[in-house]
Amino acid sequence: METTVNRSLADKKTLSSTQEFLLGIPLYVYVSVIASKMVILGILWDIAWHMSIGRDGLFSAPHVVVYIGAATAGIFSGYQVLKTSFWGKQAEKNKMVNFWGIFYSSLGGLFCIWGGIAALTSAPFDDWWHSAYGLDVQIFSPPHTVLLLGLMGVQIGAMMSVLAILNRKEQIASFTAEQNKARNKRLQWMFVLTAGFFITTIFTTLSEFLGRWDMHNVSFYQIGSVAFPFCLLATARGAGMKWGATYIAITFMVFHWAVNATLRLFPAEPLLGPIHNKITTYQTLGFPLLMVFPAFVIDWLRHKLQATNDWWLSVILGLAYLLTFFAIHYPFGYFILESPLARNWFWGSYSWTFQNDPDWEFRYKFVDWNTTVGLANWVMGLGIALLLSIFSTRIGLAWGKWMKQVQR
Amino acid sequence: MFLRKITAFLLLTCGLVGQAKAHIGSAGIVQEGKAGNYHIQVYVEPPDVIPGIAKVSVSVDGTDIENVRISPIYYWTGDEGSPRFDEALPVAGETGRYEGQIWLMESGAASVKVIIEGKRGTGETLIPIAAIATAKRDLPPSLGWILAGLAVLLVGILTTIIGASTSDSLLKPGEQSNKNFKRRRAVGSTVGLSFCGLLLFVGNNWWSNLSRDYKDSFMYKPYTATSAIKIENAQRVLTFKIDSSSVQERWTSYVIPDHGKLMHLFLVRQGTMDAFAHLHPSRKDTLTFEAPLPNLPAGKYLVFADILRFHGLQYTIADTVDIPALKITQESAEKHTGDSDDTYIVTNPINKKLPAVQDASITICGQPGIKTPVQDGSSIIWEEKPNQVLKAGQVYDLKFSVIAPDGKPAELQPYLGMMGHAAILKEDGSVYIHLHPNGTFSATSQQVMEKRVKETVNPSRRLSNAKKFRDSVDHVLAQLQTMTEEERDKWLMGNMKHESGGHHGGSVTLPYVFPSAGNYRIWLQVKRNGKILTGAFDAKVI
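Same order as they appear, the protein sequences are chains A and B. Be aware that the first sequence starts at 1, since it is given in my numbering, and climbs by one per residue. Be aware that the second sequence starts at 1, since it is given in my numbering, and climbs by one per residue.
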């Protein structure tokens, strides 16, 4: 239902060219979307930095990008809370969630503040972690997880900030019908972008389990079945677009690929020993998962089965997701890991950290001890993956339904 | 997961998971000597976690230094696998002192290369170090409280977020919350709080598991051994057997001689430290070593055995052994079958002026600055002021002068290829080190690393045949036995540079950093007129 006219923008005389350019979408929403991109951009760069240069400090360039992203989102949102709570008009407070008796914030703002504080918490925690267990050698450690959860908080905050406005379906009186339509479209695309960045963060967090060597191991399909259906389904519903999941998956793939492929063009020199692999350019994570295929199938089925209730829909979509995910990635594994055609700048499979021996016999080969063997193991493993996929889909559908309702 | 597996696999194939420690309790490495035309003293403080950062401090003589550069070199990757040099920067107010850092990313045999450039040309040195994880750290309480405070804030906000997600955030602008929404908020907040509790619980378990993994798989675990005494041909024989369970792929077939001996084993009577022996057990099999004992008094002894593996990593294996009393007859003493370089002394207990037993063969332990007679009528002076207070964590040149019976500086001979050997032990046994005038590392390790730097290929293929390796080592040892003393010393000294200030006119200087406060005993061993002299000295460190 289309509702409230945006009162602050109701008077045409007060409408500046900037506001027209921003299509009446508050600046903090743009800021949070940019922040949601910066944090994952910084993380991807930081991973490449560790694979290529190795030596870093608190203020290395990728760290600064992450800090700016997280701090901007957190500080902007914190400022917004204080401004609205103590100096805000009632009309502004009416669009906010009241919490702890005196504060007013949008739900997205709260997520961003949480994300900022979590990222801040991870800094001393990570510093101590290094002194106790050694410097960075893995992505998946407790302090890094606190950081990544914080960054996901910032990204969910950005999604919520966009969604609340999108869901309110505001028609700004001073805008023409086209402008209002354009505003709605822009909000939808802003949501698609933030959702794509969010999925990039999830994939990056789990990349140690979802690499190309894992594509013939059933755990790849189990982890992929937990991690992606829920966020694809939720954000596809949230976007309210027919091909929402597909657009979001394309955003993830293009963004992940573009950041890493761009980095691969830049020079880099390892500053730590021992150097097993002599490199001269940035080494990065490999090609992203081909998420566009399961996403396309999900969108197509969602459209076909609009009348089906969410429980049945979860079973069908969960199964369809797993089948497509498996059917695409199992053969893709042969190409991306073993084919010489994948060892180039585009596919990125030649990328190899300076810390690993370039002549390692399994550099371009599946390893026995990391490959699931036997039909029974596959059937059993994929059976578990199916249950996980259905469960994850069901949660995603519920989360997506909730997303459609968020107003503040 | 796979990246971690790859790393673990590579480390295993390279045999790097097995790590080394050539001492107990003395992590810092000091080198004293010449680098080209410069006299230098280098102190390396290796990190106690790996990957980690080593601190390097270089002191150079003269004021003509243009720059000092440092870089880590690993045995397995050689200098081809080293990053570019980093500059060590001058320390303000301390002429000739430079400080820098090197990053050590893997456990194993490594070294620090130091290059000095100045008016006297370019000088280089290579200091072998062991990159190993030894630290077990707990969260400091202050940081614990800060993190706990932030965690409470995060839990509070997340609980609020989940509560608001199910209630107020769904209200249209201006719409007032009602009872139903308030109930939903309470339910949402409860779910949120439970979720946070679950997250913290899972996170805490994960942390505990990682911490356990670190202690079990990444921390340095020394070899362990079982020592026993048997009586054979009317003499006591020490059997020192390395426990096979402690080997963990650090195969002992690849042990190489250090100063011409496969093992240097020190025995020190526990508690009183008044009996000391430096033995060189012979290899019976890959794990078992044997040495007939000299005339040591009975008692419980601390055992420290040093071995050196092919890549230059030294390992100290510690144990204790009860030595029974045995009457040594003139005949059995003559038939003693021990290594000709084995030595022992009995002296007074640590911190007591008088020996516990009265015997003509007893040597009185020396103090700083006081002339102390030793076995052949000559004497040794520790060139420190009497009652000098030594401080932990500082580099000291422990200088000892040997005076011949006629009062002139003694003419010293090399003993096992070095002009002096010393063992330093802390009263409680928590610190032990075997050091030499060139520094606190093995000169053989340095030679191994220098040889590796000259090569351009990975040396691992040489290690395919353990038996062949062992046999070739035994062959070298047998050859050494056939040489005259002079030939042997020449061979052992190899290209070692002895102009390093290590000995001048009967004096020997040993650079060392006492790691912690307490009472230490130093046993110094030098050779004069073909006889090995052992002096014992007590040091108080604060």
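For glycine and all other residues, C-beta sits at the position ideal for the given N, C-alpha and C.
CB contact check: Lys83(A) to chain B, cutoff 7 Å: no
Sequence-distant residues of its chain with Cβ nearer than 7 Å to Val406(A) (five each side left out): Leu107, Met160, Leu163, Ala164, Asn167
Partner residues on chain B for Phe99(A), Cβ-Cβ distance less than 7 Å: Thr160, Ala164
Selected residue, minimal CA-CA separation from Asp339(B), among Phe469(B), Pro51(B), Leu477(B): Leu477(B)
Contact check, Val508(B) vs Phe400(B), beta carbons under 7 Å: With respect to the 7 Å criterion, Val508(B) and Phe400(B) are classified as neighbours on the basis of their beta carbons.
Assumed close pair Glu193(B), Phe181(B) - CB separation to whole angstroms, cut-off 8 Å: Contrary to the premise, residue 193(B) reads as Leu rather than Glu in this sequence. Contact doesn't hold; Cβ gap of about 18 Å is too wide.
Three-state secondary structure (DSSP) of Ser464(B): Coil, per DSSP.
Cross-chain neighbours of Asn94(A) in chain B, by beta carbon under 7 Å: Pro173, Gly174
For Tyr133(A), the nearest candidate out of Ala131(B), Gln314(B), Met219(B), Ile256(B) (CA to CA): Met219(B)
Candidates Thr121(A), Gln155(A), Phe175(A): closest to Gly149(B) by CA position: Thr121(A)
Chain B contacts made by the stretch 113-135 of chain A, where a contact means CB separation under 7 Å: Ile113, Trp114, Ile117, Ala118, Thr121, Pro124, Phe125, Trp128, Ser131, Ala132, Tyr133, Gly134, Leu135
Counted within 10 angstroms of its Cβ, other Cβ atoms place His50(A) as buried (16 or more) or exposed: Burial call: buried.
Those residues which DSSP pairs with Asp339(B) across a bridge: Asp339(B) pairs with nothing; no bridge assigned.
Boundaries of the beta strand (DSSP E) in which Arg237(A) is found, first to last residue: Element bounds for Arg237(A): not the beta strand (DSSP E) but the alpha helix (DSSP H), 218-239.
Within-7 Å CB hit, Leu187(A) to chain B: no
Interface partners of Ile146(B) on chain A, CB under 8 Å: Pro124
Inter-residue Cα distance where the pair is Tyr344(B) and Leu416(B): 16 Å
Classification of Pro331(A) by the beta-carbon crowding that lies within 10 angstroms, buried from 16 upward: exposed
Val448(B) at chain A interface by Cβ criterion, 7 Å: no
Local conformation of Arg408(A) per DSSP, three classes: coil
Bridge partners - Arg521(B), DSSP secondary structure assignment: Leu425(B), Asp538(B)
Whether Leu382(A) touches Ile328(A) by CB criterion (7 Å): no
For Phe220(A), the nearest candidate out of Ala119(A), Ala249(A), Gly333(A), Gly273(A) (CA to CA): Gly333(A)
Through-space distance from Asn309(A) to Asp138(B), alpha-carbon basis: 52 Å
Against chain B: residues of the stretch 273-290 of chain A by CB proximity under 7 Å: Gly273, Pro274, Ile275, His276
CB contact below 7 Å: Val155(B) versus chain A: no
Residues of the stretch 115-131 of chain B whose Cβ lies closer than 7 Å to any Cβ of chain A, in chain order: Of all residues in the stretch 115-131 of chain B, none has a Cβ within less than 7 Å of some Cβ in chain A.
Trp453(A) (DSSP reduced to helix, strand or coil): With chain A covering 1 to 408 only, the question about residue 453(A) has no answer from this structure.
Inter-stretch contact (C-beta, 8 Å, three-pair minimum) for the stretch 379-396 of chain A and the stretch 224-244 of chain A: yes
Delimiting residues of the alpha helix (DSSP H) encompassing Asn260(A): 244-263
Length-filtered (3 minimum) beta strand (DSSP E) runs lying within the stretch 84-139 of chain A: 97-99, 103-105
CB of Thr239(B) within 7 Å of CB of Ala536(B), strictly: Not in contact: Thr239(B) and Ala536(B) (Cβ atoms no closer than 7 Å).
Pairwise C-alpha distance: Gly74(A) and Ala123(A): 15 Å
Min CB distance Pro355(B) to chain A below 7 Å: Because the pLDDT of Pro355(B) is 49, which lies under 50, any placement of that residue in the model is unreliable, and the number read from its coordinates should be weighed accordingly. For Pro355(B), the answer is no, since every Cβ of chain A falls outside 7 Å of its Cβ.
Beta-carbon proximity of Val91(B) to Glu99(B), cut-off 7 Å: yes
7 Å Cβ cutoff, Pro270(A) in contact with chain B: yes
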